[in-house]
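So the sequence lines, in the order shown, correspond to chains S and Z. Position one of the first sequence corresponds to residue 1 (the UniProt record's numbering), numbered consecutively onward. Position one of the second sequence corresponds to residue 1 (the UniProt record's numbering), numbered consecutively onward. C-beta: ideal position from N, C-alpha, C; glycine also. Scroll down for the structure; my scribbles are underneath it.
Protein chains: 2
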Amino acid sequence: MNSNKIPEPALRRLPWYLSYVKLLKSQGEKYVSSTKIAKKIDVSASQIAKDLSFVEISGKTRVGYDIDELINVLDTFLGFKVIHKAVLFGVGSLGAALLSDSGLEQYGLKIIAGFDVNKSVVDTKIHDIPVYHSDEFIQMNKEIDAEIGILTVPSGVAQEVSDYMISGGIKGVWNFTPFRIRVPSGIVLQNTSLYAHLAVMFNRLDS
Amino acid sequence: MNSNKIPEPALRRLPWYLSYVKLLKSQGEKYVSSTKIAKKIDVSASQIAKDLSFVEISGKTRVGYDIDELINVLDTFLGFKVIHKAVLFGVGSLGAALLSDSGLEQYGLKIIAGFDVNKSVVDTKIHDIPVYHSDEFIQMNKEIDAEIGILTVPSGVAQEVSDYMISGGIKGVWNFTPFRIRVPSGIVLQNTSLYAHLAVMFNRLDS
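In structure tokens form, the structure reads like this:
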């Protein structure tokens, strides 16, 4: 696997192809060409072929890619078939919502525990996921061994909570706050700011 | 307002600045320079000054931007101070989670109703938001007059549900499915694929 070589934009496009070929499979299709994907996905056929060259699959002349194989290879390559353990910091409105989203587990993310400092949520369960006091994390993660930390705390404490998670062994931070946190080299950071996406939508709608 | 001119990358950076200056305000600061923001946010000072030139604010020599004014101007420019009415299609795990996230309303998004075809959720309420059968949307939106449609349906029906929402008057589609939908010109589309972000994180962690 040359997964360490694939550029992020290509990586972000692969789930689109996966989603589309799963739809084709449900419609009874057996093979798909990059040209066919291109017509639906708005990415050029040559770009698609190039993106797919990073995963271990080769198309057959005239028929294209075997759909079952392509789904299997993409699901594996994208990490959706392996369970990755995560914890979530900040069980407020968005945090609790993410704890309730069992769909993430189908994509390989299993949230083991939530952490917060607010007494009203500590020692409760949300969607069967236990919530502990943040102070317990360092000790607890020696057992849990979670590698991903989901950050849904207030912006003002985003950086310090991120630092704290990393000190407890977190290797990847999924930042949902609008705050631009920094992480040490070697730590993976993904930002998902719903509010930035909202801002773009509002601006484009209002102008 | 020259909001129609601002490029999307700049627009996406503005919430970072807003988040940081709100933090400074909470710490008692009165003024902030683009140089100071740059040190924290990892964007060059000249880029920040350029981004902020799209909003109606000017810094003062030596002291920089007035923080209260900057927060007010950014909140307004980003559309967070006006309520934008939305509906949500697909009250599954993620959809229900988003209905439960009252935080979105603080950023100007008010979800008025959910729609689904599944009898087990139709005519229920989630977090006080009523869920109706999707067939009722076209008639109902003549009263509700929502302009934003949140798409959390299964991928296989994402395109048809998006088309349906638009036929009922939706002007902006916020697509949370991994499916790459298409919208007619004049309709605003924002994609937030949690799974694509997960894929990038998994790949970078595993490599």
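Per-residue DSSP class, three states only, for I6(S) = Residue state for I6(S) is assigned as coil, using DSSP reduced to three classes.
ask   = Where does N2(S) land, buried or exposed, given buried means 16+ other C-beta within 10 angstroms?
value = Legend: pLDDT at N2(S) = 44, less than 50; position of this residue unreliable, value from coordinates given subsequently. Around the C-beta of N2(S), fewer than 16 other C-beta atoms lie within 10 Å, and the residue is accordingly described as exposed.
query = In this structure, does DSSP put P130(Z) in helix, strand or coil?
reply = In this structure, P130(Z) counts as strand in the three-state DSSP scheme.
query = Beta-carbon of D68(S) versus every beta-carbon of chain Z: anything under 8 Å?
reply = So no, D68(S) is outside the interface.
ask   = Measuring CB to CB, does L98(S) end up less than 8 Å from T35(S)?
value = In this structure, L98(S) lies away from T35(S), with their beta-carbon atoms at least 8 Å apart.
message = Quick check: what's the CA-CA separation for S44(S) versus D51(S)?
response = When rounded, the distance between both Cα atoms is 11 Å.
query = Out of curiosity, what's the CA-to-CA distance linking S120(Z) and K85(Z)?
reply = Distance between the alpha carbons of S120(Z) and K85(Z): 25 Å.
task = With 8 Å as the threshold, decide whether the Cβ of L24(Z) is near any Cβ in chain S.
result = No, because no Cβ of chain S sits closer than 8 Å to the Cβ of L24(Z).
key: Residue-level contact to chain S via CB, S3(Z), 8 Å cutoff   = Low per-residue confidence applies at S3(Z): pLDDT is 45, beneath 50, and the placement is therefore not dependable, though the value from the model is reported in the following sentence. Chain S, which has a Cβ nearer than 8 Å to the Cβ of S3(Z), makes this yes.
Extent of the continuous beta strand (DSSP E) to which L151(S) belongs = That run of the beta strand (DSSP E) goes I148 to L151.
key: Cross-chain neighbours of T192(S) in chain Z, by beta carbon under 8 Å   = Residues of chain Z passing the Cβ test: T192, L194 and H197.
task = Could you check which residue in T76(Z), R12(Z), V87(Z) and F80(Z) has the C-alpha nearest to that of Q47(Z)?
result = Comparing Cα-Cα distances from Q47(Z) to each of T76(Z), R12(Z), V87(Z) and F80(Z), the minimum goes to R12(Z).
task = Please name the residues in the segment 149-183 of chain Z whose beta-carbon is closer than 8 Å to at least one beta-carbon of chain S, in chain order.
result = For the segment 149-183 of chain Z, the set of residues with a beta-carbon nearer than 8 Å to any beta-carbon of chain S comprises S155, G156, K171, G172, W174, T177, P178, F179, R180 and R182, in chain order.
ask   = When you compare only the Cα positions, how much space is there between T61(S) and Y31(S)?
value = Their backbone Cα atoms lie some 11 Å apart in a straight line.
message = Can you look up F179(S) in the DSSP assignment and give me helix, strand or coil?
response = For F179(S), the secondary structure class from DSSP, reduced to helix, strand or coil, is coil.
ask   = What is the rounded straight-line gap between the Cα of E136(S) and the Cα of I181(S)?
value = Going by the C-alpha atoms only, they are around 23 Å apart.
task = Starting from N191(S), trace the alpha helix (DSSP H) both ways and give me its first and last residue.
result = Taken as a continuous stretch (DSSP letters only), N191(S) belongs to no alpha helix (DSSP H), being part of the beta strand (DSSP E) at V188 to N191.
ask   = Whose Cβ in chain Z lies nearer than 8 Å to the Cβ of S102(S)?
value = Neighbours of S102(S) on chain Z, chain order: S93.
request  = For the segment 76-87 of chain S, enumerate the residues whose C-beta is nearer than 9 Å to any C-beta of chain Z, in chain order.
outcome  = Answer set for the segment 76-87 of chain S: F77, L78, G79, F80, V82 and H84.
message = Which same chain residues end up closer than 6 Å to G149(Z) when comparing Cβ atoms and leaving out the 5 residues on each side of it in sequence?
response = For G149(Z), where only same-chain residues beyond five positions count, the Cβ hits under 6 Å are V87, M165, I170 and V173.
inquiry  = Using the three-state DSSP reduction, which class does M1(Z) fall into: helix, strand or coil?
reply    = Confidence at M1(Z) is low in this model, with a pLDDT of 43, below 50, so the placement of that residue should be treated as unreliable; the coordinate-derived value is given next. Looking at M1(Z) - three-state DSSP - the assignment turns out to be coil, as it is neither helix nor strand.
Chain-ordered chain S contacts of S19(Z) [CB-CB under 7 Å] = What S19(Z) touches in chain S: S155, P178 and F179.
query = Listing by chain order, which chain Z residues have their CB less than 8 Å from the CB of G108(S)?
reply = Within 8 Å Cβ-Cβ: L198 and F202.
Whole-angstrom C-beta distance between D116(Z) and V91(Z), which should lie under 8 Å = So it is a contact: roughly 4 Å between Cβ atoms.
request  = Rounded to whole angstroms, what's the CA-CA distance from L205(Z) to L78(S)? Just pull it up for me.
outcome  = Straight through space, the alpha carbons of L78(S) and L205(Z) are spaced by roughly 11 Å.
Cut-off 8 Å between Cβ atoms - residues of its own chain near P154(Z), not counting five sequence neighbours on either side = The beta carbon of P154(Z) sits closer than 8 Å to the beta carbons of G90, G92 and T177 from its chain, once the five residues preceding and following it are set aside; these are given in chain order.
inquiry  = Going by beta-carbon coordinates alone, are E29(Z) and V200(S) separated by less than 8 Å?
reply    = Not closer than 8 Å, so no.
query = Leaving out five residues before and five after L94(Z) in sequence, what residues of the same chain have Cβ atoms less than 7 Å from its Cβ?
reply = Excluding residues within five positions, the ones whose Cβ falls inside 7 Å are T152 and F176.
request  = Would you tell me roughly how many angstroms separate the C-alpha atoms of S185(Z) and L198(S), rounded to the nearest one?
outcome  = Spanning the two alpha carbons is a distance of roughly 19 Å.
Residue from V55(S), V73(S) and I37(S) with nearest C-alpha to H63(S) = Per the sequence shown, residue 63(S) should be read as Val rather than His. Of the listed residues, the one whose Cα sits closest to V63(S) is I37(S).
key: Beta-carbon proximity of Y107(S) to V122(S), cut-off 8 Å   = Not a contact, by the Cβ cut-off of 8 Å.
query = Should D101(Z) be labelled buried (16 or more other beta-carbon atoms within 10 Å of its own) or exposed?
reply = D101(Z) counts as buried, since no fewer than 16 other beta carbons sit within 10 angstroms of its beta carbon.
key: Beta bridge counterpart(s) of D66(Z) as assigned by DSSP   = According to DSSP, D66(Z) bridges with Y31(Z).
task = For L52(Z), return the contacting residues in chain S, with the cut-off set at a CB-CB distance below 8 Å.
result = Here the premise fails: no neighbours, minimum Cβ distance about 14 Å.
Distance between E105(Z) and K40(Z) (C-alpha atoms, nearest Å) = Approximately 27 Å, taken between the alpha carbons.
ask   = Where do the ends of the alpha helix (DSSP H) carrying G95(S) lie?
value = Start and end: S93 to L99.
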